[in-house]
């Protein structure tokens, strides 16, 4: 099986873009607007609590995707370096 480091790097970019998209989710504004719409009700406290919880969850997902993206890039680099190291030790005359 042959893994193409260039394809891994493209996948890494896709994962990084997903991380950016998740980071753009403004949970606090969404829950804040809901709490404002429910002013005077028991929902306000719950919505505020959930805003914090969901904000933390979104940040954890973003961080996990950032770590995954970096790991994929590192793997691509390692594979490429291994290919170069292996290729430098091959005598092309042995394949004639």
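In our numbering, the protein residues as written are 37 to 132.
Backbone N, C-alpha and C fix where the C-beta goes; we use that ideal spot for every residue, glycine too.
Just to confirm my understanding: we take residue i, look at its own chain, exclude 5 residues before and 5 after, and list those with CB closer than 8 Å. What are they?
i, result
"residue 79", "70, 71"
"residue 102", "52, 55"
"residue 42", "112"
"residue 44", "108, 109, 111, 112, 115"
Distance, Cα to Cα, residue i vs residue j?
i, j, result
"residue 97", "residue 107", "15 Å"
"residue 66", "residue 87", "8 Å"
Counting C-beta neighbours from all protein chains within 10 Å, is the total for residue i 16 or more, i.e. buried, or is it exposed?
i, result
"residue 83", "buried"
"residue 105", "buried"
"residue 110", "exposed"
"residue 100", "exposed"
Using C-beta distances below 7 Å, list every residue in its chain close to residue i, excluding the 5 sequence neighbours before and after it, in chain order.
i, result
"residue 74", "80, 83"
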